[in-house]
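Trainee: In our numbering, the protein residues as written are 234 to 351.
Here it is, the structure, as structure tokens.
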């Protein structure tokens, strides 16, 4: 018996270029099916990050994105489940890190500090 349906594929655009910008939402997409469950949690305190469907096809979610700020210099776990038209599920889980903010980077400005005589 041949398999007529292909598995749904879950992608997380930008995940290959880490760290990701803390100002950009985490986006999860499904092709060849639809998303049935997506969760993003901050690793340091296991807090869930809010998100919602941003694209759908025939009432079924095909893309999802976080809707609250991520925070700088954090690590998040993304878990998603997608289903193809035959009802077969595909799961994906990965960790993403956000970049530190510029204000948390070491000061490379003037070495003289506040002393005008230096």
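From the three backbone atoms N, C-alpha and C, an ideal C-beta is built for every residue, glycine too.
In angstroms, rounded to a whole number, what distance separates the CA positions of residue 274 and residue 308?
Mentor: 9 angstroms
Trainee: Excluding the five sequence neighbours on either side, which residues of its own chain have a C-beta within less than 7 angstroms of the C-beta of residue 316, listed in chain order?
Mentor: 241, 266, 267, 269, 322
Trainee: Applying the 10 Å Cβ sphere with the 16-neighbour rule, what's the burial state of residue 327?
Mentor: The residue in question, residue 327, is exposed, as its Cβ has fewer than 16 Cβ neighbours within 10 Å.
Trainee: Residue 255 and residue 303: beta carbons closer than 8 angstroms?
Mentor: In this structure, residue 303 lies closer than 8 angstroms to residue 255 by Cβ.
Trainee: Ordered along the chain, which non-local residues of its own chain (more than five positions away) have a Cβ less than 7 angstroms from that of residue 333?
Mentor: Excluding its 5 nearest sequence neighbours in each direction, residue 333 has C-beta neighbours in its own chain below 7 angstroms: 305, 306, listed in chain order.
Trainee: Thinking residue 282 and residue 299 are a contact (beta carbons under 8 angstroms), I'd like their distance in whole angstroms, please.
Mentor: Contact between residue 282 and residue 299 holds, with the beta-carbon distance rounding to 5 angstroms and staying under 8 angstroms.
Trainee: Give the secondary structure of residue 307 by DSSP, where H, G and I count as helix, E and B as strand, and everything else as coil.
Mentor: coil
Trainee: Assuming contact is defined by CB atoms lying nearer than 8 angstroms, are residue 324 and residue 311 in contact in what I supplied?
Mentor: Remark: C-beta atoms of residue 324 and residue 311 do not approach each other more closely than 8 angstroms.
Trainee: Quick check on DSSP: helix, strand or coil for residue 319?
Mentor: coil
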